[in-house]
Amino acid sequence: MNEFFIFTLKSDNKKDKEEIEKELNDIKTSLKKKEFEEFIDKQIEKGTLVPANKNIVLSVLQELDNVKKFGEDSTVVLDFKSFIESLPNQIKYGEFATKEKQTDQTNEDVEKFANADEESLEVFKEAKALSVKENISFKDALLKLNK
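Heads up: the sequence shown begins at 877 in our numbering, then just goes up one per residue.
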């Protein structure tokens, strides 16, 4: 009876140990995932990655982390992170179309058609002005002028 009791205790301890190891692995995996997500979010903020790439990069980082390491000094994940950080910016944040940056396109447009006859150039200028004034397309402005 004593042997049965010892066997039962060993069996229970083994189950407890397996459960604890599983829980520990789950915690480690969760912490790694959080670390990877923070890294990816930082790269998105910097503009190095676009939000659409988040899940793919997370998946690659997790797979690289799961690769059997042949030595304690395996740097596969660090190398991949360095690669991501070295990418050129994919997104530029900020305002691009501001009044200060707006240029007067009229002279440039006229220069493009400098070889056109005077009448065509005048029609072009009128249509351009009408399209801006009435907030309509250039085509609609031309049609309106020809009526």
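In this text, a Cβ means the ideal position worked out from N, Cα and C, and glycines have one as well.
- Just how far apart, CA to CA, sit Lys891 and Ile916? In the sequence shown, counting from the first residue as 1, residue 891 sits at position 15. In the sequence shown, counting from the first residue as 1, residue 916 sits at position 40. When rounded, the distance between both Cα atoms is 37 Å.
- Can you tell me the Cα-Cα spacing of Tyr969 and Ile896, whole angstroms? As a first step, residue 969 is located in the sequence shown; it is residue number 93 there, counting from the start. As a first step, residue 896 is located in the sequence shown; it is residue number 20 there, counting from the start. Going from the Cα of Tyr969 to the Cα of Ile896 covers about 46 Å.
- On the three-pair Cβ rule with 8 Å, is the region 907–923 touching the region 954–972? yes
- Query: Under a three-way DSSP split, which group does Thr951 fall into?
  - Reply: The residue labelled residue 951 in the question sits at position 75 within the sequence shown. Coil at Thr951, not helix or strand.
- Reduced DSSP category for Phe972 - H, G, I as helix; E, B as strand; rest coil: As a first step, residue 972 is located in the sequence shown; it is residue number 96 there, counting from the start. Here Phe972 sits in coil by DSSP.
- Item | Alpha-carbon to alpha-carbon, Phe972 and Lys898 | For the purposes of this step, residue 898 is identified with residue 22 of the sequence shown, where counting begins at 1. For the purposes of this step, residue 972 is identified with residue 96 of the sequence shown, where counting begins at 1. Answer to the nearest angstrom: the Cα atoms are 51 Å apart.
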